[in-house]
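Report on the structure given below.
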């Protein structure tokens, strides 16, 4: 009886908390400029330590591309206190895992550990920033690895060059115009000094955000962060490229021949606003409307019903200065890429001319809400979102409020944004074709 | 002066701020973390359904999990009735047709699944009331129709058929049947016959008997509040009629009196399935449950464990070798250590697995093994806690397995406290090499001779024989006598005669073939062209993209793998020349160095086995003379791989018989190519070999 009473009381209490439903976090700067975000969630004894550096392929010298991604490899090579090859062993012996990734605007490193190994994570990340060894052995090793990666993911993979080709055609001035993996020649000819200089410029505390998310004690953790990261000296202010593209006013046609494919693809790409802007969210909704899942418009029409396309794709590529929106498809049987293009244009025209149905709108809202919710289902995912929201969208709290932006987007707005950005004369049309056989 | 003091104070302050941390070695992990598991709130319906609610408001979503903790069910001569019941559930209800049900679930962005004694749903919390309603309706008011029944039955029958010759499926079935006995719920299995015994009425009766609330638990996790859950669940599940499932009695499985090999002959096997098994009595609430898990992890719990290191990394016998231990409150269970191994090392693998098990029981594990196993175990245990279903399952386990309330809260500490002695004791208690069954499923004609010589700890291990359905049987006879006067040349001549005769074959200047196969739902196309002038081209495409292409033109050639071109070495050229001869039998006959090794069964046929060279054998049907199979062994990076080509469905083209079905298996991969077209002396051009 007593027990029952108690649990009712608890419930009333938690009912009050219920309405909040948010990811709580705390953020501050160390004296050296390192931004710190703490998200405490003691429901599972798991902790993620991660650092995002505000350096991506766009920060590279046009004659030295591929550096940002190269560093993602190089900075696992070891530090003054961690010998070559030991990084992964230390992670495994503590029951954890680690990884890293690079994109146009940023590079991200993280570890996930049982929470009693939090200090190991902080030590690893502070060592990476404080004492990296940029030496010939590591550079040579990683040059090989990156070359392999480029072969595997870009040169030998069917359709592997599509992202690079889109960027190349969509941007003429902005440093988004070379891909993330960059040029192998640039890397091959780069000197040790070039790498040291890049490290000194971008791998500084005032260019990073440290996220600790999961199960920890706040006071103790702040102290440890201070101890491990505090002594790292602040770096010089970073100059960001400020390049404005001229608007595209006439359709640009491009062709690319991929030796790894048999089926051609048509890719239509549009330059759209940077990821922090409201219109970028609307574009995301349009993309989902067109091609996410088997009941989406393009999939249902082209793959399911008319059986004209083998595959349909629609990808918004979010980035800080500009985003890119790509929609396209692979024809099947006797259909041509022109047929696919016509069908896609017909659907885009519909979005521009009439409101999407109430039911589709509601389904879209449901999908976004589901996606949003599930993206934040692990502490690892939350850490990534927090860092990205702070660094690239200037609002850490978007982790809680981003869904409100989607909710507030109306059917009318979808139509307006489609009209504004998805114009035929503002896009590039990339014919992505199988490499033709030699004449003999 | 004053300034100095200030500076000194400041520097003191700074030193104090950045405490004396030692950066030269990794920080030591803290004590095992306490697990902050939420206590579920509970209530029970009058029909017996127990409901556990774990509120977690971090994300606006909810998960529903219904499990019915019935004792295992013996299905007997209607084995398959549970599978059929499960496959017919979750497809609408008496109140909502299947298509409408699917569409609504999709619109809500939700998932709903109903099994034969379980149900699951997930959705945004704002749709929780509707999703709960849909799930309860589908679970409690299923619409069993004859039409759906026939459809699902056919699917099950087709899958049984497709597994008829599947060595892994046969092995799994016999391993279970021998360990538990065929009259035990965990030992019985579906056959075409038992599935055909099941009627729609049986399905309805199974559902009525076992989909009942007496042992049912509904776990609701997520952004919900208890009062709402209580109200909605009470409304949705009160109509569930109170009932308890019928109970069964069956004899407990027992270990064999002495360690023995139980051999199952599968003539088409290119690898042997080896499993060493014994019966364990392990429940989650047992004191040494975690000790047993650790012992199993060190023996065979992954790529760091002993079995893997020995059988794969050290010996290269297999792609992987593992072990498994199972806890169950209703029944004794099976411990097993297993591997898929090459035919030639079947006997050695048996010995190595037995040795590794024995070493676990006779010697303590090393400090390093124990420490690594613990941290790996702790790490994955901890990381799994993030998933809401883990939290739900823990709450449920505490409830259903009779575990202490703090079982999971103290889990890591208890893992940490386990000693080498504890591990060895658990190994001694749960692993056996004295009363173990070694179930070997494989090709008797190749593996049995050595298997019968296996000794372990100085004692011979006797071999007993079973058929594919775990019935005792006689030792198969592999040595059918070769008829008088038959030799390799006679076999080759008979084959040449059978497919059209020497003069016909010699009249072939070129031929081309198109074939296709399915691989994981994708279409694989094969195009091949050959001429009598050492020209050869083979192109394998997946979904229209060329994956692998080989071209030979006289003494030069190249290979393209996923777009990358590589010229062939002289050795490769020689090998392809040999392999690509239009009718290699003509060459074998001319060379005269092929030997007849005897008669063997392949599938249902008796065949002559011709040894072409050390790495290749070819098999010809005794009766028809046709080529039915080629087996070759290749070495790639120190590992040996057996690749088998099977030929079937011979049809005549331009007076010559060609196989229209070509089956290829390499390791665990199987492809069945259906030939679409063969052309003789047409459709091949010199440019095909450029």
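Residue numbers (UniProt numbering), protein chains in the order written: chain A, 1 to 440; chain B, 1 to 690.
The beta carbon of each residue, even a glycine, is placed where N, CA and C say it ideally should be.
Note that the structure is predicted; figures quoted are calculated from it, not measured.
Exposed or buried, which one is residue i when buried takes at least 16 other CB atoms within 10 Å?
| i | result |
| --- | --- |
| residue 247 (chain A) | exposed |
| residue 147 (chain B) | exposed |
| residue 281 (chain B) | exposed |
| residue 58 (chain B) | buried |
| residue 460 (chain B) | exposed |
| residue 244 (chain B) | exposed |
| residue 503 (chain B) | exposed |
| residue 192 (chain A) | exposed |
| residue 85 (chain A) | exposed |
| residue 119 (chain A) | buried |
| residue 221 (chain A) | buried |
| residue 159 (chain B) | exposed |
Closer than 7 Å by beta-carbon distance: list the chain B residues that pair up with residue i, in chain order.
| i | result |
| --- | --- |
| residue 158 (chain A) | 545 |
| residue 291 (chain A) | Here the premise fails: no neighbours, minimum Cβ distance about 16 Å. |
| residue 377 (chain A) | 59 |
For residue i, which residues of its own chain have a beta-carbon under 6 Å away from its beta-carbon, when the five flanking residues on both sides are left out?
| i | result |
| --- | --- |
| residue 128 (chain A) | 75 |
| residue 35 (chain A) | 29, 209 |
| residue 487 (chain B) | 596 |
| residue 616 (chain B) | 632 |
| residue 139 (chain B) | 114, 119 |
| residue 248 (chain B) | 74 |
| residue 80 (chain A) | 131 |
| residue 408 (chain B) | 35, 37, 394 |
| residue 538 (chain B) | 528, 550 |
Ignore the nearest five residues each way along the sequence and tell me which others in residue i's own chain have a CB closer than 8 Å to its CB.
| i | result |
| --- | --- |
| residue 63 (chain A) | 186 |
| residue 251 (chain B) | 181, 183, 184 |
| residue 249 (chain A) | 425, 426 |
| residue 18 (chain A) | Residue placement at residue 18 (chain A) is flagged as unreliable, the pLDDT there being 33, under the threshold of 50; the coordinate-derived value follows with that caveat. Excluding positions up to five away in sequence, the list is empty. |
| residue 347 (chain A) | 290, 297, 298, 301 |
Assuming residue i is part of the alpha helix (DSSP H), what are its boundary residues?
| i | result |
| --- | --- |
| residue 360 (chain B) | 346 to 362 |
| residue 89 (chain A) | 86 to 93 |
Can you check DSSP and say which residues form a bridge with residue i?
| i | result |
| --- | --- |
| residue 537 (chain B) | B:529, B:551 |
| residue 598 (chain B) | B:609 |
| residue 672 (chain B) | B:663 |
| residue 621 (chain B) | B:607 |
| residue 114 (chain B) | B:119 |
| residue 218 (chain B) | B:51, B:66 |
| residue 678 (chain B) | B:513 |
| residue 269 (chain A) | A:326, A:428 |
| residue 734 (chain B) | Within the shown structure, residues of chain B are numbered from 1 to 690, placing residue 734 (chain B) beyond reach of any answer. |
Output the boundary residues of the beta strand (DSSP E) element that contains residue i.
| i | result |
| --- | --- |
| residue 262 (chain A) | Here residue 262 (chain A) belongs to no beta strand (DSSP E), and DSSP marks it neither H nor E. |
| residue 52 (chain A) | 46 to 53 |
| residue 434 (chain A) | 427 to 434 |
| residue 457 (chain B) | Neither: residue 457 (chain B) is in no beta strand (DSSP E) and is coded neither H nor E. |
| residue 289 (chain A) | That residue, residue 289 (chain A), is in no beta strand (DSSP E); its alpha helix (DSSP H) goes 278 to 291. |
Residues of chain B with a CB under 8 Å from the CB of residue i: which are they?
| i | result |
| --- | --- |
| residue 297 (chain A) | Ordered by position in chain B, no residue passes the 8 Å Cβ test against residue 297 (chain A), which lies about 14 Å from the chain. |
| residue 127 (chain A) | 23 |
| residue 90 (chain A) | 26 |
Report the neighbours of residue i on chain A: residues whose CB is nearer than 7 Å to its CB, in chain order.
| i | result |
| --- | --- |
| residue 564 (chain B) | 156 |
| residue 35 (chain B) | 45 |
| residue 375 (chain B) | 93, 94, 95 |
Whose Cβ in chain A lies nearer than 8 Å to the Cβ of residue i?
| i | result |
| --- | --- |
| residue 541 (chain B) | 262 |
| residue 107 (chain B) | 359, 362, 363, 366 |
Taking 7 Å as the limit between beta carbons, can you name the residues of its chain near residue i, skipping five residues before and five after?
| i | result |
| --- | --- |
| residue 330 (chain B) | 71, 72 |
| residue 369 (chain B) | 298 |
| residue 759 (chain B) | It is not possible to answer for residue 759 (chain B), since the shown part of chain B is limited to 1 through 690. |
Give me the chain A residues within the contact set of residue i, using Cβ-Cβ distance strictly less than 9 Å, ordered along the chain.
| i | result |
| --- | --- |
| residue 32 (chain B) | 45, 114, 116 |
| residue 88 (chain B) | Chain A residues near residue 88 (chain B): none, gap ~23 Å exceeds 9 Å. |
Since residue i meets chain E, which of its residues come closer than 7 Å, beta carbon to beta carbon?
| i | result |
| --- | --- |
| residue 29 (chain B) | No chain E is present in this structure, whose protein chains are A and B. |
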